[in-house]
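Visitor: Counting from 18, one number per residue, gives the positions in the sequence shown under my numbering.
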Amino acid sequence: MAYDYAKNREERPDPVKADLKGNLPSWLQGTLLRNGPGIFSVGDTTYNHWFDGMALMHSFTFKDGEVIYRSRYLRGDTYKDNMAAKRIVVSEMGTMAYPDPGKNVISRVITFLNHTVPDFTDNCGNNFIRYGKDYYATSETNYIRKVDPVTLETQDKVDYMKYLAVNLVTSHPHYDKDGTAYNIGTSIAEKGKTKYTLFKVPDTTAGGTPPVKNKANASPALKNLEVICTVPCRSLLSPSYYHSFGMTDNYFIFIEQPFKLDILKMATAYMRGVNWASCLKFCPEENTLIHLIDRKTGKEVGIKYYTEAMIVYHHVNAFEEDGHVIFDVIAYEDPSLYNMFYLNVLKEQSKASAMSVPKCKRFALPVQNDKGIDVGDDMVKLQYTTASAVKEKEGKLLCQPEVLCDGVELPRINYDFNGKKYRFVYMTCVAMSAVATKIMKLDTETKERTEWREENCWPSEPVFIPRPNGEGEDDGVVLTTVINSNPGESGFILVLDAKSFKEVARAHVNAELHMDMHGYFIPMEN
18 MAYDYAKNRE
28 ERPDPVKADL
38 KGNLPSWLQG
48 TLLRNGPGIF
58 SVGDTTYNHW
68 FDGMALMHSF
78 TFKDGEVIYR
88 SRYLRGDTYK
98 DNMAAKRIVV
108 SEMGTMAYPD
118 PGKNVISRVI
128 TFLNHTVPDF
138 TDNCGNNFIR
148 YGKDYYATSE
158 TNYIRKVDPV
168 TLETQDKVDY
178 MKYLAVNLVT
188 SHPHYDKDGT
198 AYNIGTSIAE
208 KGKTKYTLFK
218 VPDTTAGGTP
228 PVKNKANASP
238 ALKNLEVICT
248 VPCRSLLSPS
258 YYHSFGMTDN
268 YFIFIEQPFK
278 LDILKMATAY
288 MRGVNWASCL
298 KFCPEENTLI
308 HLIDRKTGKE
318 VGIKYYTEAM
328 IVYHHVNAFE
338 EDGHVIFDVI
348 AYEDPSLYNM
358 FYLNVLKEQS
368 KASAMSVPKC
378 KRFALPVQND
388 KGIDVGDDMV
398 KLQYTTASAV
408 KEKEGKLLCQ
418 PEVLCDGVEL
428 PRINYDFNGK
438 KYRFVYMTCV
448 AMSAVATKIM
458 KLDTETKERT
468 EWREENCWPS
478 EPVFIPRPNG
488 EGEDDGVVLT
498 TVINSNPGES
508 GFILVLDAKS
518 FKEVARAHVN
528 AELHMDMHGY
538 FIPMEN
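(1) In the segment 463–525, which residue ranges form an unbroken beta strand (DSSP E) of at least 3 residues, counting only runs that do not cross its ends?
(2) Does the count of Cβ pairs from the segment 376–394 and the segment 410–429 closer than 8 Å reach three?
(3) Tell me whether lysine 34 sits in a helix, a strand or coil according to DSSP, three-state version.
(4) Residues bridged to glycine 434 by DSSP?
(5) Looking at alanine 524 and valine 84, is the spacing between their C-beta atoms short of 8 Å?
(6) In whole angstroms, what separates the C-alpha of arginine 89 from that of leucine 181?
(7) For asparagine 543, does the count of other Cβ atoms within 10 angstroms reach 16, so buried, or fall short, so exposed?
(8) Can you confirm whether the segment 252–265 touches the segment 70–87 when touching is taken to mean that 3 or more C-beta pairs between the two stretches lie within less than 8 Å?
(9) Once you ignore the five residues that flank tyrosine 213 on each side, which residues in its own chain have a CB closer than 7 Å to its CB?
(10) What is the DSSP secondary structure of tyrosine 115, reduced to helix, strand or coil?
(11) Relative to the C-alpha of valine 333, which residue among Val346, Glu325, Tyr322 and Lys321 is closest?
(12) In angstroms, rounded to a whole number, what distance separates the CA positions of glutamate 302 and lysine 321?
(13) Looking only at C-alpha atoms, which of Asp21, Gln46 and Val107 sits nearest to valine 59?
(14) Mind checking proline 485: buried by the 16 CB within 10 Å criterion, or exposed?
(15) With a CB to CB cut of under 8 Å and the five nearest residues on each side skipped, what residues in its chain are close to aspartate 173?
(16) For histidine 331, which residues from the same chain have a beta carbon less than 6 Å from its beta carbon, with the 5 sequence-adjacent residues on both sides left out?
(17) Assuming isoleucine 500 contacts methionine 532 (C-beta within less than 8 Å), just tell me the rounded distance between them.
(18) Please go through the same chain and pick out, in chain order, the residues whose beta-carbon is closer than 8 Å to the beta-carbon of glutamate 28, but skip the five residues on each side of it.
(19) Can you confirm whether the segment 336–345 touches the segment 288–304 when touching is taken to mean that 3 or more C-beta pairs between the two stretches lie within less than 8 Å?
(20) Using the Cβ count rule (16 or more neighbours within 10 Å means buried), how would you classify asparagine 527?
(21) Would you mind working out which of Thr461, Ile430 and Arg466 sits nearest valine 480, comparing C-alpha positions?
(22) Since leucine 215 sits in a beta bridge, which residues does DSSP pair it with?
(23) In the DSSP assignment, find the unbroken beta strand (DSSP E) run with tyrosine 330 in it and report its ends.
(24) Taking 8 Å as the limit between beta carbons, can you name the residues of its chain near valine 494, skipping five residues before and five after?
(25) Report the three-state DSSP secondary structure of threonine 403 (helix, strand or coil).
(26) Measuring CB to CB, does serine 255 end up less than 8 Å from lysine 277?
(27) Which one or two residues does DSSP pair with glutamine 417 in a beta bridge?
(28) Would DSSP call alanine 102 helix, strand or coil?
(29) Have a look at phenylalanine 129 and proline 190 and give me their C-alpha separation to the nearest angstrom.
(30) Which residues in the same chain have their Cβ closer than 8 Å to the Cβ of lysine 24, if we skip the five residues on either side of it in sequence?
(31) With DSSP collapsed to three states, give me the class of tyrosine 64.
(32) Starting from serine 353, trace the alpha helix (DSSP H) in both directions and tell me its first and last residue.
(33) Taking Cβ to Cβ, would you say arginine 470 is nearer than 8 Å to glutamate 419?
(34) To the nearest whole angstrom, what separates the beta carbons of isoleucine 307 and threonine 324, a pair I think is in contact under 8 Å?
(35) Would DSSP call isoleucine 123 helix, strand or coil?
(36) Between which residues of its own chain and leucine 281 is the CB-CB distance below 7 Å, once the five residues before and five after are set aside?
Have a look at this one:
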């Protein structure tokens with residue numbers, strides 16, 4: 018049975034107790050939030066792309082050996098405007114919305130102007146992020162929506178532009194042990210320059226600061242945003258698209274890939290009758306630039322790193338060892354992944370897809386000065402990787418990766434090892450299909466793969482939860498929500514022992530689970 022991507026899903030805002038089979042670890046206490054598209058048609062109008070669907074959040078709360086489920090639509094301005102009009106009136110990346118033919122000329126002019134200088138959607142259906150003690154639903158625009166992590170009710174609309182001139186921001190920030198969040202955004206033609214801006218948001222509530230009595234009036238942590246550095250874009254009107262970045266104890270890794278947003282085409286897309294996604298262009302003849310930025314100075318290191326053209330959506334992890342920065346990513350040879358999620362393509366998912374196979378690639382960047390090194394020499398001196406960095410000329414290295422495995426996506430790790438040398442990564446197995454039929458644990462040292470799958474089941478991104486005071490990197494559990502198409506059986510959240518990758522428990526939900534994107538686990542103490 019094929020998954021119906023275009024079907025509108027129902028929300029279940031009231032808590033539902035799941036039917037538990039097995040025994041949950043007593044220490045597993047907290048809430049897994051997940052986010053993804055859930056409404057694909059309004060009235061007689063439909064979205065073109067699955068990513069465009071209106072956000073449907075859902076949560077699984079683990080408490081005292083029980084699991085409670087609920088789901089709720091993100092009721093942002095996009096949702097309200099579309100529902101009030103009974104049609105799609107807010108444009109998304111893959112769907113351009115046009116006014117009702119019955120609207121007057123003034124309304125049409127306003128709509129046109131809003132698309133010439135886009136006021137992006139607040140349909141934040143990609144992930145959840147935390148700034149300070151607040152949780153936000155997020156996509157990649159300048160808008161994020163604060164949500165109540167318990168009830169999933171939609172709260173404040175927050176515009177990054179009030180705190181920093183960025184038009185696009187990733188939905189995959191990094192976090193320090195003290196709660197400080199790090200992220201990167203794109204400033205388009207701001208004061209005549211297009212640049213990438215790395216910034217941090219300190220957790221001002223950390224360190225014993227008394228809680229605010231009236232949380233509704235509490236100042237957002239974004240008010241304390243600090244710019245770390247800016248990286249100039251190599252082309253003024255064609256900034257690189259990116260979805261994530263890497264971070265170690267001392268460095269940031271930013272990949273400026275030849276997958277670009279054509280700003281001039283975006284400005285004219287509405288009147289040309291095309292969507293904004295058509296303004297993304299892949300330039301395979303260009304190199305991919307790898308920017309290595311010192312976290313302390315905010316400056317790029319002296320060496321320039323580059324590799325062949327590729328498209329990266331997800332970084333896995335990065336770490337430092339013996340004068341090298343090593344980072345792992347999921348890389349594609351072309352932009353076919355995005356195209357595969359157009360709803361008309363997904364309807365034909367039984368047919369062979371032209372998607373390039375995603376590969377988990379490891380890069381190694383020598384940080385030491387290259388003076389005295391001969392042109393053509395490989396500066397990588399690590400014994401455990403075949404990744405290379407060959408000196409092309411003074412101060413410039415051509416980097417070639419080691420392929421750890423292929424056919425994988427949505428990587429997650431034990432975040433206690435983020436930015437540090439690690440061994441295990443948990444991913445979905447996708448191969449040539451948009452639907453993941455299994456998840457896996459990869460040992461990056463031995464390359465051993467351990468898989469979980471079940472007939473007619475589609476698991477989501479696997480999220481690792483560490484056991485408090487655990488022994489070893491994989492001491493914990495892995496959570497994945499599973500859509501179950503077996504007749505008479507409901508979907509469930511699966512709990513796997515991370516060491517053995519064997520089932521510990523599953524909790525069946527008396528509600529229809531939907532395909533989603535990313536998740537965030539909030540421990541009970543938070």
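Ideal placement from N, C-alpha and C gives every residue a C-beta, glycine not left out. These numbers were taken from a predicted model, which means no experiment stands behind them.
Guide: Well, looking at it:
(1) 466–470, 474–476, 480–483, 493–501, 509–514 and 520–525
(2) yes
(3) Position 17 of the sequence shown, counted from the first residue, corresponds to residue 34. Of the three classes helix, strand and coil, the one that applies to lysine 34 here is strand, per DSSP.
(4) The sequence position of residue 434 within the sequence shown is 417, counting from 1. In the sequence as displayed, the identity of residue 434 is phenylalanine instead of glycine. Note: phenylalanine 434 sits in no beta bridge, so no partner.
(5) By one-based count along the sequence shown, residue 84 stands at place 67. By one-based count along the sequence shown, residue 524 stands at place 507. Contact: yes.
(6) Within the sequence shown, the letter at position 72 stands for residue 89. Within the sequence shown, the letter at position 164 stands for residue 181. Rounded to the nearest angstrom, the two C-alpha atoms are 30 Å apart.
(7) Mapped onto the sequence shown, residue 543 falls at position 526. Around the beta carbon of asparagine 543, fewer than 16 other beta carbons sit within 10 angstroms, so the residue counts as exposed.
(8) Contact fails: fewer than three Cβ-Cβ distances are below 8 Å.
(9) Translated into the one-based positions of the sequence shown, residue 213 becomes position 196. Excluding sequence neighbours, tyrosine 213 sits near Ile201, Thr203, Thr247, Val248, Cys250 and Phe271.
(10) Against the sequence shown, residue 115 aligns to sequence position 98. Coil at tyrosine 115, not helix or strand.
(11) Locating residue 333 in the sequence shown gives position 316, counting from the first residue. Closest option to valine 333, Cα to Cα, is Val346.
(12) Along the sequence shown, read from residue 1 onward, the residue named residue 302 stands at position 285. Along the sequence shown, read from residue 1 onward, the residue named residue 321 stands at position 304. Near 19 Å, if we compare the C-alpha coordinates of lysine 321 and glutamate 302.
(13) Numbered from 1 along the sequence shown, position 42 holds the residue referred to as residue 59. If we check each option's Cα against that of valine 59, Val107 comes out closest.
(14) What you label residue 485 is simply residue 468 of the sequence shown in a count that begins at 1. The residue in question, proline 485, is exposed, as its Cβ has fewer than 16 Cβ neighbours within 10 Å.
(15) In the sequence shown, counting from the first residue as 1, residue 173 sits at position 156. Only Arg162, Lys163 and Pro237 meet the Cβ criterion.
(16) For the purposes of this step, residue 331 is taken as the residue at position 314 of the sequence shown. Counting only Cβ-Cβ distances below 6 Å, and skipping sequence neighbours, we find Ser261, Ile347 and Pro428.
(17) Numbered from its first residue, the sequence shown carries residue 500 at position 483. Numbered from its first residue, the sequence shown carries residue 532 at position 515. Between isoleucine 500 and methionine 532 the beta-carbon gap is near 7 Å, inside 8 Å, which marks them as a contact.
(18) Indexing the sequence shown from 1 puts residue 28 at position 11. Result list for glutamate 28: Gly55, Leu73, Ser88, Arg89 and Tyr90, in chain order.
(19) no
(20) The residue you call residue 527 lines up with position 510 of the sequence shown. Result: exposed.
(21) Counting from one through the sequence shown, the residue named residue 480 turns up at place 463. Nearest option by C-alpha distance: Ile430.
(22) Residue numbering aside, residue 215 sits at position 198 when the sequence shown is read from its first letter. Ile201 and Cys246.
(23) Translated into the one-based positions of the sequence shown, residue 330 becomes position 313. Annotation: the continuous beta strand (DSSP E) that includes tyrosine 330 extends over 328–338.
(24) Within the sequence shown, residue 494 is the residue found at index 477, counting from 1. Counting only Cβ-Cβ distances below 8 Å, and skipping sequence neighbours, we find Pro42, Leu45, Phe481, Ile482, Arg484, Val512, Leu513, Asp514, Ala515 and Val521.
(25) By 1-based counting over the sequence shown, the position of residue 403 is 386. Threonine 403: coil per DSSP, three-state reduction.
(26) The sequence position of residue 255 within the sequence shown is 238, counting from 1. The sequence position of residue 277 within the sequence shown is 260, counting from 1. Contact flag set, yes.
(27) Position 400 of the sequence shown, counted from the first residue, corresponds to residue 417. DSSP lists Ser405 as partners of glutamine 417.
(28) Locating residue 102 in the sequence shown gives position 85, counting from the first residue. Here alanine 102 sits in helix by DSSP.
(29) Indexing the sequence shown from 1 puts residue 129 at position 112. Indexing the sequence shown from 1 puts residue 190 at position 173. Low confidence applies here, because phenylalanine 129 scores a pLDDT of 45, under 50, leaving its location unreliable; read the following figure in that light. Distance between the alpha carbons of phenylalanine 129 and proline 190 is about 33 Å.
(30) Locating residue 24 in the sequence shown gives position 7, counting from the first residue. Within the same chain, lysine 24 has close Cβ partners Phe57.
(31) Against the sequence shown, residue 64 aligns to sequence position 47. It is coil, neither helix nor strand.
(32) As a position in the sequence shown, residue 353 is number 336, starting the count at 1. Here the alpha helix (DSSP H) through serine 353 covers 353–357.
(33) As a working mapping, residue 470 is identified with position 453 in the sequence shown. As a working mapping, residue 419 is identified with position 402 in the sequence shown. In this structure, glutamate 419 does not lie closer than 8 Å to arginine 470 by Cβ.
(34) Mapped onto the sequence shown, residue 307 falls at position 290. Mapped onto the sequence shown, residue 324 falls at position 307. The pair is a contact, with the Cβ atoms about 7 Å apart (cut-off 8 Å).
(35) Residue 123 sits at position 106 when you count from the first residue of the sequence shown. Legend: pLDDT at isoleucine 123 = 48, less than 50; position of this residue unreliable, value from coordinates given subsequently. Helix, per DSSP.
(36) Here residue 281 corresponds to residue number 264 of the sequence shown, with the count starting at 1. Result list for leucine 281: Leu254, in chain order.
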